[in-house]
Amino acid sequence: MESFRFCFLMLTIAILASPALSDLVLSKVDRRIYLTSHIVRISSTMKVENAGSEKESKVLLAFPEQQAKNMAYLIATPHEGKGKGKNPVVALPVEAANPKDMPAALTLYSVSLPKGLAEGDSFTFDVLAVFTHALRPIPEQITQADIQLVLYQDSAHYLSPYAVKVQSLSVKLPDSRIESYTKLENTKIHGSEIKYGPYENIPSFSYSPIAVHFESNLPFAVAHELVREIEISHWGNVQVTEHYKLIHGGAQSKGEFSRLDFQARPNVRGASAFRYLVANLPPRAHSVYYRDEIGNISTSHLRGDSKKTELLIEPRYPMFGGWRTAFTIGYGLPLQDFLFESDGKRFLNITFSSPMVELVIDALIVKVVLPEGSSDISVAAPFPVEQWQETKISHLDIDGRPVVVLKKTNVVPEHNQFFQVYYHFSQLSMLREPLMLISGFFFFFVACIVYMHADISISKSSASYLAKQQWEEVQAVIQQVQNIISRCLTTHDNLEASLRDLSRTGNIQACKAARKAADGLLKELSKELKPLLTFLQSSPSAAQVLPKVEELVAKERELQEKVMVKHSTVVDGYEKKLGARDIENRVALQQQKLTALRQEVDDLLEFIDEI
Amino acid sequence: MAAPETSTAAVPTLYTNNTLRNAFGGVLSFFILLLIGVMAFSIRLFSVIKYESVIHEFDPYFNYRVTQFLAKNGIYEFWNWFDDRTWYPLGRVIGGTVYPGLTLTAGTIWWLLNSLNIPLSVETVCVFTAPIFSAFASWATYLLTKEVKGTGAGLTAAALLAMVPSYISRSVAGSYDNEAVAIFALIFTFYLYIKTLNTGSLFYATLNSIAYFYMVCSWGGYTFIINLIPMHVLLCIVTGRFSSRLYIAYAPLVVLGTLLAALVPVVGFNAVMTSEHFASFLVFIIIHVVAFVYYIKGILSPKMFKVAVTLVVSVGLAVCCAVIAVLIALVASSPTKGWSGRSLSLLDPTYASKYIPIIASVSEHQPPTWPSYFMDINVLAFLVPAGIIACFLPLSDASSFVVLYIATSVYFSGVMVRLMLVLAPAACITSGIALSQAFDVFTGSIKFQLTGASSNTEVDAAETSSSTAESQTDAVKTEKPEETAKNRPSRKSKKKEREHGEKPSTEAKAEKKRLLALPLESSVHCVWAAAEAYSAPSIVLTSRSHDGLHVFDDFREAYAWLRHNTDVDDKVASWWDYGYQTTAMANRTVIVDNNTWNNTHIATVGTAMSSPERAAWEIFHSLDVKYVLVVFGGLVGYPSDDINKFLWMVRIGGGVFPHIKEPDYLVSSLC
């Protein structure tokens, strides 16, 4: 390990070191390198001073090529003393600069100062640079039991196109276990922190390489690709679906993996693996799921309070170096927290990147699915992104929902800022889909009704069709016959009732009146019955039922006669003032016959009914 | 005569209410059917609620993978699909070796939904196919039983089928297997056969052939249909029930059905060449002879007919003998007598264990134990005999079919656990008939006692179906005060009286309660079985201990690891049980899988598994294997791991490679 020596830039820079670009001087530089995660963050506080006479409004920041290609995020903010950093800081504009006489191995960014620096003026600002893939695992392959060692290289002197008067550097490590580090003058080590400096009066473009080789078992979670789909439903939900393709970006695992060892002592046998990831979802996130293409992944925990929702997810297997996995998490968010209205336009205000803690995303695609019928779509993002539009066809869509696609590479948690999608959407379009469903069912029922009522047979003259029609007519007639018979039976019952009244009250006149009414009614009914019977006799398709119907009519007539006889007998009996028992004795025989007949009529009715 | 006044009011409403009553009955039974369908669907969702919406077990994963392929590549690609992910290095022609019914069904549903812009995933459609089709199956049961014994029996049978555990075990959500749609196809084919038999309509006969075609597409169990229906036809002929309706029900089925069956690639010429189909052709000939005889009988005088019979019989016998001799010679010349191994093991239960260990090694091919009858059909087992008796009162063409169906399926279920599934619908139909008939008797008796005085109206309305009768008699009971005067007995009760003898109302009520308790108790059992016994997806295991629920998801952990961390073309060796899952979940090439078509290949893997490390390495190396998947359940106490299956590996390996001998692996020979 000691034999590693990296002096790649030193020579070139020394040769190319040209006279200072301007008369700016960095009077004080404090750099802090945080290696406490696999995302390297360099935070520097710089005090810049104008030693020349011309007014300067731009400061150049230089990064060696090696670093620049890993740089994911760069921000410069005016420095504020301790204690008053409450109010939001306005970032200074930073842009890539390309001055002519600079060495090609350097990438430069220029920071615009809020106001120009006159002679002798000074200004203090902070620069935060975030790098991904900056830690190199050495050795590149480790076994399950090994710990993971990584190497970080930088310069002890601040690489700058300006001369630096006083500078210091501190490197914060995750753990106090350090394999090796470059010892220069003024190097101190405090636990897990290495301090270089202070160094004074270092000329511009000076570079003194340092390398730190240390243990880092932190999760090297890298998402190769993350597709976030944010779907807005104006019915009250923002559905977020995130498809991760994850890889452990640390030292490659070699040899065998013993689950048993891992289970028994996960911290020793599997120190380099990571078991879980934490996602900080927005508060009031609901319907959270975590699955992959073969089903639900049961190893996850969800805790929530009013400030945030914390989701802890474990991949199906512990992630060792170089292992990959893919999964999907999804959650719903309340619409009113993220969708607002201004100037007649609606806008979605939601975070851009993944809610995962300390996750590097190589390629992030954010798709915002707007409701069908949205128009005038525009996006406001806090940093440059690639963007285009698509359409997505989902539940009950006709022409699809507009989708805004944003793409960004090399994303770090610092990118997790709010962005806005503005669009026009009419409230009435919301009703489109319910109305579609309602009308769909409506027409279905209408079709059913039409089908049931319409005669849709193809040939109106075919034998079977005619037969069917005739049969229907016959059925209607039989129905009528049944009705008449039943009315006759009712009349009989009325007569019986009048007899009962008679036995109770002895009012012969009333009984006779009832008899008269019944006679009239029955006559009428038998008149009505005649044409129906003749129809049945003439109809060929009624041949099957005809005998039964005729039998029914005959039986009914017989019954009618019997009832009349009985009625007369009883009334006679009362007129002759015979005793009740006597009358009963007289009628008993008739009564038996009557009951039998009535039974037969009922049977026949039932039988015909069943046809 | 002291006819109560109620009757005068009730009678006129009788006939005006007639159509209304029928309509009401129709709507009521429609809603009951709808609820039965909902119940059949929802009782199968325990697996989704308790676990997750995921495909279960082994074979469903293969079907799922095929469906995915179909959804992605379309039907023509599907027919021509040569799968190189399995049976390495042989591969498998999927299009020609699967029963495509299930796949095409789910694929069609998926396609339909997606063309309506309802973007459900293939997996979701596959998971819910089985519950949907069990709702269809219960409706088909209703139709079938209705044809046999009327609406009441139909509804009862449908309700029983919706929750019979045996069927639930094969059709819970996620159990995406052929049986899921095949049981529906089976019952529906039987229904159409009975319907044709009852109506003699050529329309239904054609539909019957199409339903049979769907069944052939869906499941190898179609041979049951094509043997059972000829048996029934033969039975009808022998018992002198030949009619033109029988001819129409049978002849088109054989001709059209066989032609259609031959269209299914996996069946092809088997439809005319294997012995499984032989019975249908034989009966086809017989029915024509019989039809001819009846025809001749019609046109000849009895004397002439007698002469003709003696003539024809003497000549015909000679010809028949010759033909049968030729046939027997043909059949005998093939080693398996023209039967496939699986069919033979049905006819001779000891066949598989003697000759084909691979069939015997599958747990669902073992004969069932007695408790499993109780577990799977529960109270139905006791109702079946009553149902059979009810089928004989009176015996019709349709009810004789049910008797034949139950008799044969009881035999088959006794041979293989798996065929308990065929028994379940038959048991439901007969039990439905039994229950419904019993209810008819008891409600009749109660009504006779309670409502004899009141009019016919209520009685008849209540009689439309046994299940509707329940509520209505109760209503009648509460409405009418207890009138025990000896009144004109209602017609129906009188009929009952004639048939079954009069039963005192209290006794009948008690009996009815007891009878009601039966299906209620059994439904408790069914729900329990659905929730606890049959809902586990078997790829994810749970165990409850004192410190909460433990989930063992190790299978999917392994498959997910293989999927994401090995090369796409790597070969994975495992015992054949895990073949389907590995191809579907890990998307890696396997050596053998659950479609055990090549015994030698499986034996090779078995030999490798039971050989010492060096020899095994050589075998696997020759098969380009890079990863070996073995399941070890010792740590968590999972019983069906590879150590449990090890003896079968030895047996199957030893069946082809004689140097593997089972006694070498047994303890007794070691010490």
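Protein sequences, first through last, are from chains C and D.
Everything in the first sequence is counted per my numbering, starting at 1 for the first residue and increasing by one.
Everything in the second sequence is counted per my numbering, starting at 1001 for the first residue and increasing by one.
Built from N, CA and C at the ideal position, the CB exists for glycine as well.
Bear in mind the structure is a predicted one, so any value in this text is a computation, not a measurement.
Measure the C-alpha to C-alpha separation of residue i and residue j and round it to an integer number of angstroms.
i	j	result
residue 190 (chain C)	residue 172 (chain C)	10 angstroms
residue 276 (chain C)	residue 403 (chain C)	32 angstroms
residue 1654 (chain D)	residue 1661 (chain D)	6 angstroms
residue 606 (chain C)	residue 537 (chain C)	21 angstroms
residue 490 (chain C)	residue 507 (chain C)	22 angstroms
residue 57 (chain C)	residue 186 (chain C)	34 angstroms
residue 332 (chain C)	residue 240 (chain C)	6 angstroms
residue 700 (chain C)	residue 430 (chain C)	Here chain C covers residues 1 to 611 and nothing more, so residue 700 (chain C) does not appear.
residue 612 (chain C)	residue 552 (chain C)	One cannot answer for residue 612 (chain C) here, as it falls past the ends of chain C, which runs 1 to 611.
residue 1456 (chain D)	residue 1246 (chain D)	Any answer about residue 1456 (chain D) is weak, because its pLDDT of 42 lies below 50 and its placement is not dependable; what the coordinates show is given next. So the alpha carbons of these two residues sit roughly 38 angstroms apart.
residue 1645 (chain D)	residue 1569 (chain D)	28 angstroms
residue 1252 (chain D)	residue 1422 (chain D)	25 angstroms
residue 396 (chain C)	residue 437 (chain C)	9 angstroms
residue 1637 (chain D)	residue 1394 (chain D)	56 angstroms
residue 80 (chain C)	residue 330 (chain C)	40 angstroms
residue 1598 (chain D)	residue 1270 (chain D)	19 angstroms
residue 1286 (chain D)	residue 1237 (chain D)	9 angstroms
residue 1541 (chain D)	residue 1630 (chain D)	17 angstroms
residue 1164 (chain D)	residue 1528 (chain D)	11 angstroms
My guess is that residue i and residue j are in contact by the Cβ rule of under 8 angstroms, so how many angstroms apart are they, rounded?
i	j	result
residue 1363 (chain D)	residue 1652 (chain D)	Going by Cβ atoms, the distance from residue 1363 (chain D) to residue 1652 (chain D) rounds to 15 angstroms, so no, they are not a contact pair.
residue 1574 (chain D)	residue 1656 (chain D)	In fact, because the Cβ distance is near 18 angstroms, the residues do not count as touching under 8 angstroms.
residue 500 (chain C)	residue 567 (chain C)	About 12 angstroms separates the two Cβ atoms, so there is no contact after all.
residue 416 (chain C)	residue 72 (chain C)	Contact doesn't hold; Cβ gap of about 12 angstroms is too wide.
residue 1593 (chain D)	residue 1087 (chain D)	7 angstroms
residue 1151 (chain D)	residue 1029 (chain D)	6 angstroms
residue 1265 (chain D)	residue 1432 (chain D)	About 37 angstroms separates the two Cβ atoms, so there is no contact after all.
residue 449 (chain C)	residue 227 (chain C)	The Cβ separation is near 48 angstroms, so there is no contact.
Do residue i and residue j have their CB atoms nearer than 8 angstroms?
i	j	result
residue 232 (chain C)	residue 159 (chain C)	no
residue 113 (chain C)	residue 136 (chain C)	no
residue 324 (chain C)	residue 1565 (chain D)	yes
residue 495 (chain C)	residue 518 (chain C)	yes
residue 1209 (chain D)	residue 1256 (chain D)	yes
residue 1557 (chain D)	residue 291 (chain C)	no
residue 1175 (chain D)	residue 1057 (chain D)	yes
residue 1129 (chain D)	residue 1158 (chain D)	no
residue 97 (chain C)	residue 60 (chain C)	yes
residue 1388 (chain D)	residue 1145 (chain D)	no
residue 164 (chain C)	residue 26 (chain C)	yes
residue 46 (chain C)	residue 131 (chain C)	no
residue 199 (chain C)	residue 157 (chain C)	yes
residue 1132 (chain D)	residue 1041 (chain D)	yes
residue 484 (chain C)	residue 548 (chain C)	no
residue 570 (chain C)	residue 545 (chain C)	no
residue 328 (chain C)	residue 314 (chain C)	no
residue 360 (chain C)	residue 42 (chain C)	no
(Q) Using a Cβ distance threshold of 8 angstroms, determine whether the stretch 113–128 of chain C contacts the stretch 43–63 of chain C, with at least three qualifying pairs required. (A) yes
| Is the number of C-beta pairs between the stretch 274–288 of chain C and the stretch 328–342 of chain C that are closer than 8 angstroms three or more? | yes
- prompt: Is there contact between the stretch 398–413 of chain C and the stretch 438–455 of chain C, where contact requires at least three CB pairs shorter than 8 angstroms?
  reply: no
### Message
Under 8 angstroms, with one C-beta from each stretch per pair, do the stretch 348–358 of chain C and the stretch 247–265 of chain C reach the 3-pair mark?
### Response
no
| query | Taking contact to mean at least 3 C-beta pairs separated by less than 8 angstroms, is the stretch 1165–1182 of chain D in contact with the stretch 1418–1433 of chain D? | reply | As far as the Cβ criterion goes, the stretch 1165–1182 of chain D touches the stretch 1418–1433 of chain D, which means the pair count is three or higher.
Could you give the uninterrupted runs of the beta strand (DSSP E) lying entirely in the stretch 1230–1280 of chain D, keeping only those of 3 residues or more? none
For this session: Decide if the stretch 1585–1600 of chain D is in contact with the stretch 1067–1082 of chain D; the criterion is three or more beta carbon pairs, one per stretch, under 8 angstroms apart.
Result: no
**Request:** Give a yes or no on contact between the stretch 416–425 of chain C and the stretch 373–380 of chain C, applying the rule of three or more CB pairs nearer than 8 angstroms.
**Result:** yes
- Do three or more CB pairs link the stretch 1222–1230 of chain D to the stretch 1275–1284 of chain D at distances below 8 angstroms? yes
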